[in-house]
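Trainee: In this note's numbering, the protein residues as written are 98 to 146. We put the CB at the ideal spot given by N, CA and C, even for glycine. From a predicted model like this one, the values you see are computed outputs, not experimental measurements. Right, I'll just put the structure down here and ask away after.
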């Protein structure tokens, strides 16, 4: 499934790419978002949510 995210400030996206994506996710922004989503789900499950 493809998704499109809107209303993300350009500065926030640039900082995310620089600080998170480039050093940690060679697969790019989509890989970073998938990983962060998986981590958030795991965290919530661990909390019993």
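I need the straight-line Cα distance from residue 104 to residue 143, nearest angstrom please.
Mentor: Walking along the chain shown from the start, residue 104 turns up at place 7. Walking along the chain shown from the start, residue 143 turns up at place 46. Computed Cα separation, rounded: 30 Å.
Trainee: How many angstroms separate the CA atom of residue 136 from the CA atom of residue 108?
Mentor: Taking the chain shown and counting its residues from 1, the one referred to as residue 136 is at position 39. Taking the chain shown and counting its residues from 1, the one referred to as residue 108 is at position 11. Their Cα atoms are separated by approximately 24 Å.
Trainee: What residue from 114, 138, 146, 141 has the CA that sits closest to residue 128's CA?
Mentor: Sequence index remark: in the chain shown, residue 128 carries index 31 (1-based). For the residues 114, 138, 146, 141, the minimum Cα distance to residue 128 belongs to 114.
Trainee: Where does residue 132 sit, in a helix, a strand or coil, going by DSSP?
Mentor: For the purposes of this step, residue 132 is taken as the residue at position 35 of the chain shown. It is helical.
Trainee: Closest by CA to residue 99, which one among 111, 140, 131?
Mentor: Indexing the chain shown from 1 puts residue 99 at position 2. The shortest Cα separation from residue 99 among 111, 140, 131 belongs to 131.
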